[in-house]
């Protein structure tokens, strides 16, 4: 009975591995391949467990332990270096209201490529994750401002974005030598903060 | 441990069922990785053999070995996976959201959108 179950399990694991290999080959982004490789590692560890069950030995159990750690490290290391997709690929039918697209390396005349694979990044190198982020930027909130600068307009069903927030988020980054305590004349949306500073 | 033949049969049957369950989890992950449309739903499918499937297979192995000495190693293997799988899924999902590797038309509600909008409205982007 145990041998029959082992044969059935091996067939199921092989089918799962086939689907995983298909996603690794086809996967449109790096992150898809990362999670598929994670599943592939787990399937390899499962194969070792099945072999230990049918042959009644314990030689591979440390490999199973190590597999868990390796999958974790690989996913975390690769996920740090994924690049941003350009805003045209995210919403190709959105109105192009942005006069100065950020990042400027986005090709304007590349609309003919959008009918192809929609999830394939066109220029993966030229659009880094946090462009223009200086050392003064707070690390915990810098990805929010990077998202806001890159023309990312979040969709909400109610309460659309007001108009005065739009040009403010499009401004080019200032030189980093400007001290923080200087009140900025263009930051009209925070008069209370300036009053708090003066008081 | 138990030396009576009926206990052996019962334990073997239990181990067989657990083996097949673990294999089914891996098959579900493979089908989900092929069929599901975008990154975050594929991540949902990919976590099935990481926790449940490996738990079933490790339990089957521990049952067929019939020894208590190997149970701590089995617990260590599964505990490590249980600790690291949420962290790696969090990191992959976060970078998937930040780098826009997602299909917004498939979302029913985006809870992070209000936070991004609020931060981008309150703070000038060059101050961060």
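Residue numbers (the working numbering), protein chains in the order written: chain L, 456 to 654; chain Y, 420 to 547.
Virtual Cβ for every residue (Gly too), placed ideally from N, Cα, C.
What you are looking at is a predicted structure, and each value in this text was computed from that prediction instead of being measured.
May I ask which residues mark the beginning and end of the alpha helix (DSSP H) holding residue i?
{"i": "residue 527 of chain L", "result": "516 to 534"}
{"i": "residue 469 of chain Y", "result": "No alpha helix (DSSP H) holds residue 469 of chain Y; DSSP gives it neither H nor E."}
{"i": "residue 465 of chain L", "result": "457 to 481"}
{"i": "residue 511 of chain L", "result": "Segment: none, residue 511 of chain L is in no alpha helix (DSSP H) and carries neither H nor E."}
{"i": "residue 444 of chain Y", "result": "424 to 454"}
{"i": "residue 539 of chain Y", "result": "530 to 541"}
{"i": "residue 605 of chain L", "result": "Segment: none, residue 605 of chain L is in no alpha helix (DSSP H) and carries neither H nor E."}
{"i": "residue 502 of chain Y", "result": "490 to 517"}
Could you say which of the options lies nearest to residue i if we only look at CA atoms?
{"i": "residue 495 of chain L", "options": "L:463, L:512 and L:473", "result": "L:473"}
{"i": "residue 602 of chain L", "options": "Y:517, Y:523 and Y:541", "result": "Y:517"}
{"i": "residue 517 of chain L", "options": "L:508, L:462 and L:504", "result": "L:504"}
{"i": "residue 431 of chain Y", "options": "L:507, L:514 and L:458", "result": "L:458"}
{"i": "residue 486 of chain L", "options": "L:467, L:530 and L:460", "result": "L:530"}
{"i": "residue 437 of chain Y", "options": "Y:499, Y:491 and Y:482", "result": "Y:482"}
{"i": "residue 492 of chain Y", "options": "L:510, L:515 and L:465", "result": "L:515"}
{"i": "residue 509 of chain Y", "options": "Y:478, Y:455, Y:523 and Y:459", "result": "Y:459"}
{"i": "residue 475 of chain Y", "options": "L:539, L:470, L:497 and L:526", "result": "L:497"}
{"i": "residue 490 of chain L", "options": "L:475, L:499 and L:502", "result": "L:475"}
{"i": "residue 520 of chain L", "options": "Y:494, Y:433 and Y:425", "result": "Y:494"}
{"i": "residue 521 of chain Y", "options": "Y:423, Y:456 and Y:451", "result": "Y:456"}
{"i": "residue 526 of chain L", "options": "Y:500, Y:449, Y:485 and Y:490", "result": "Y:500"}
{"i": "residue 539 of chain L", "options": "L:510, L:502, L:501 and L:598", "result": "L:598"}
{"i": "residue 506 of chain L", "options": "Y:470, Y:472, Y:473 and Y:480", "result": "Y:480"}
{"i": "residue 448 of chain Y", "options": "Y:539, Y:505, Y:525 and Y:473", "result": "Y:473"}
{"i": "residue 655 of chain L", "options": "L:536, L:508 and L:480", "result": "What is shown of chain L runs 456 to 654, which leaves residue 655 of chain L out entirely."}
{"i": "residue 480 of chain L", "options": "Y:439, Y:453 and Y:441", "result": "Y:453"}
{"i": "residue 471 of chain L", "options": "L:511, L:460 and L:501", "result": "L:501"}
{"i": "residue 441 of chain Y", "options": "Y:471, Y:451 and Y:450", "result": "Y:471"}
Applying the 10 Å Cβ sphere with the 16-neighbour rule, what's the burial state of residue i?
{"i": "residue 487 of chain Y", "result": "exposed"}
{"i": "residue 528 of chain Y", "result": "exposed"}
{"i": "residue 572 of chain L", "result": "Reliability fails at residue 572 of chain L, whose pLDDT of 47 lies under 50, so the model's placement of it is uncertain and no value is given."}
{"i": "residue 429 of chain Y", "result": "exposed"}
{"i": "residue 512 of chain Y", "result": "buried"}
{"i": "residue 605 of chain L", "result": "buried"}
{"i": "residue 468 of chain Y", "result": "buried"}
{"i": "residue 534 of chain L", "result": "buried"}
{"i": "residue 502 of chain Y", "result": "exposed"}
{"i": "residue 465 of chain Y", "result": "buried"}
{"i": "residue 507 of chain Y", "result": "buried"}
{"i": "residue 522 of chain L", "result": "buried"}
{"i": "residue 551 of chain L", "result": "With a pLDDT of 41 at residue 551 of chain L, under the threshold of 50, the predicted position of this residue should be treated as unreliable, though the coordinate-derived value follows. It is exposed - the Cβ of residue 551 of chain L has fewer than 16 other Cβ atoms within 10 Å."}
{"i": "residue 493 of chain L", "result": "buried"}
{"i": "residue 533 of chain Y", "result": "exposed"}
{"i": "residue 632 of chain L", "result": "Any reading at residue 632 of chain L is ruled out, since the residue's pLDDT is 49, under 50, leaving its predicted position unreliable."}
{"i": "residue 530 of chain Y", "result": "exposed"}
{"i": "residue 464 of chain L", "result": "buried"}
{"i": "residue 514 of chain Y", "result": "buried"}
{"i": "residue 443 of chain Y", "result": "buried"}
{"i": "residue 462 of chain Y", "result": "buried"}
{"i": "residue 445 of chain Y", "result": "buried"}
{"i": "residue 478 of chain L", "result": "buried"}
{"i": "residue 468 of chain L", "result": "buried"}
{"i": "residue 490 of chain Y", "result": "exposed"}
{"i": "residue 582 of chain L", "result": "Caution is warranted here: a pLDDT of 43 is assigned to residue 582 of chain L, below 50, making its placement in the model unreliable, and the coordinate value is therefore given only provisionally. By the 10 Å Cβ count, residue 582 of chain L comes out buried."}
{"i": "residue 498 of chain Y", "result": "exposed"}
{"i": "residue 537 of chain L", "result": "buried"}
{"i": "residue 484 of chain L", "result": "buried"}
{"i": "residue 466 of chain L", "result": "exposed"}
{"i": "residue 541 of chain Y", "result": "exposed"}
{"i": "residue 426 of chain Y", "result": "exposed"}
{"i": "residue 434 of chain Y", "result": "buried"}
{"i": "residue 525 of chain Y", "result": "exposed"}
{"i": "residue 478 of chain Y", "result": "buried"}
{"i": "residue 539 of chain Y", "result": "buried"}
{"i": "residue 624 of chain L", "result": "Residue confidence for residue 624 of chain L is low, a pLDDT of 47 falling below 50, so the modelled location carries little weight; the figure read from the coordinates is stated next. It is buried - the Cβ of residue 624 of chain L has at least 16 other Cβ atoms within 10 Å."}
{"i": "residue 532 of chain L", "result": "exposed"}
Under 9 Å, CB to CB, which of the residues in the segment 441 to 458 of chain Y have a partner in chain L? 441, 442, 443, 444, 445, 446, 447, 448, 449, 450, 451, 452, 453, 454, 457 and 458
Of all the residues that make up the segment 476 to 499 of chain L, which are near chain Y by a beta-carbon distance shorter than 7 Å? 477, 478, 484, 486, 487, 489, 490, 491, 493, 494, 497 and 498
Residues of the segment 506 to 530 of chain L with Cβ closer than 8 Å to any Cβ of chain Y, in chain order: Here the close residues are 507, 508, 511, 513, 516, 517, 519, 520, 523, 524, 526, 527 and 530.
Within 9 Å of chain L by C-beta, residues of the segment 421 to 433 of chain Y in sequence order: 428, 431 and 432
What are the residues in the segment 471 to 505 of chain Y lying within 8 Å of chain L by C-beta distance? So the close ones are 472, 473, 476, 477, 479, 480, 483, 484, 489, 492, 493, 495, 496, 499, 500, 503 and 504.
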